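Take a look at the structure set out below.
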Amino acid sequence: MQILRPHLIAASAGIALSALALTVMVPAFAQEAPAPAAEAPATPAPGATPASPTTPAAPETPEATAPAAPGAPAPDAAAGNPAQQEPMEIVKETFGDWQVRCAPEGNDCFLYQLALDQDKNPVAEVSLLKLPASAEAAAGATVVSPLGTLLTTGVVLQVDGGEKRSYPFAWCSQVGCFSRFGLSQQSIDSLKRGNSVTLSLVSVNRPEEPVSLAVSLKGFTAAFDSLETPPSPAGAAPADRSAPAAPAKPLPNLLPRN
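According to mature numbering (1 follows the signal peptide of the UniProt record, and there is no 0), the stretch in the sequence shown is residues -30 to -1, 1 to 228, in order.
As structure tokens, this is what we get:
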């Protein structure tokens, strides 16, 4: 198992979606106090016998250094080292280009992949998790985009050149901007049949040039099927997902048109 620094895992109000974000590490710097100025030697009084020079003290040896009190925090801990305070998440399995990440305790797991630009640079994060059988959606998805994303265009997804769908952003924080949405069973089946997803974002600095990112679907079927379905709330009846639902109406595509 591989242990990583965590990403934010948040619960959505209606369908308990997962929100992942890049952890920002801000190093703490200790500022040294200026050294005190040397004191001038005192002038002896008239007629006074000058004192003999004081023999310098021997340098302190490691054995003479007093040990720290039991239970005292280590220097890094006292400085509030973020790496020691963060919880960890575990890469439980890898299926193709998808990671199955879990909390250290329990089986709260989700799928994770970085969305890459044409130069293979990671730009955004994509995560999916299964929802209880009583939920109308089969899965919850979260996309985390960099700060500076034009929010009014939302996130545009397209599976293998199919229909484009736009999803709004929910909020932004120091780590990026979050879009959370539910996926129907039909959408999950489409992802299982597909080869790749094109994820489009727009920068506020260059709104005329949408950025297209690639999300591979290699290993998606096995990765998604490996997730456990979370239990439904007490008294909730399972949703009927067998009958084909009415086609979901896509949100308007707000990307600039050429």
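Just so it is clear, CB atoms sit at the ideal spot from N, CA and C, and this is done for glycine as well. Computed from a predicted model, the values in this text were never measured in an experiment.
Residue i: CB within 7 Å of a non-hydrogen atom of the ligand COA
{"i": "residue 177", "result": "In the structure shown, the ligand COA is absent, as is every other ligand, since no ligand is present at all."}
Beta-carbon proximity check, residue i vs residue j, cutoff 8 Å
{"i": "residue 167", "j": "residue 127", "result": "yes"}
{"i": "residue 112", "j": "residue 148", "result": "yes"}
Neighbourhood of residue i by C-beta, 7 Å cutoff - its chain only, sequence neighbours within 5 removed
{"i": "residue 88", "result": "none"}
{"i": "residue 182", "result": "168, 170"}
{"i": "residue 67", "result": "83, 186, 188, 189"}
Contacts around residue i, its chain only, beta-carbon distance under 6 Å, and the 5 residues preceding and following it disregarded
{"i": "residue 165", "result": "130, 187"}
{"i": "residue 202", "result": "102, 103, 104"}
{"i": "residue 200", "result": "102"}
{"i": "residue 191", "result": "162"}
{"i": "residue 63", "result": "70"}
{"i": "residue 151", "result": "111, 137"}
{"i": "residue 90", "result": "none"}
Buried/exposed call for residue i, threshold 16 Cβ in 10 Å
{"i": "residue 117", "result": "exposed"}
{"i": "residue 31", "result": "Only weak support exists for where residue 31 lies, its pLDDT of 44 falling under 50; the coordinates are left without a value."}
{"i": "residue 115", "result": "buried"}
{"i": "residue 204", "result": "exposed"}
{"i": "residue 189", "result": "buried"}
{"i": "residue 198", "result": "exposed"}
{"i": "residue 97", "result": "buried"}
{"i": "residue 144", "result": "exposed"}
{"i": "residue -7", "result": "Its pLDDT being 27, under 50, residue -7 is placed unreliably in this model, and the value from its coordinates should be taken loosely. Exposed."}
Nearest-angstrom Cβ-Cβ length linking residue i and residue j, presumed shorter than 8 Å
{"i": "residue 185", "j": "residue 85", "result": "5 Å"}
Beta-carbon contacts of residue i that lie in its chain and below 8 Å, excluding the five residues immediately before and after
{"i": "residue 158", "result": "108, 109, 194"}
Three or more C-beta pairs below 8 Å linking the region 132 to 140 and the region 97 to 106: no
Inter-stretch contact at 8 Å, needing at least 3 Cβ pairs: the region 174 to 182 / the region 74 to 82: no
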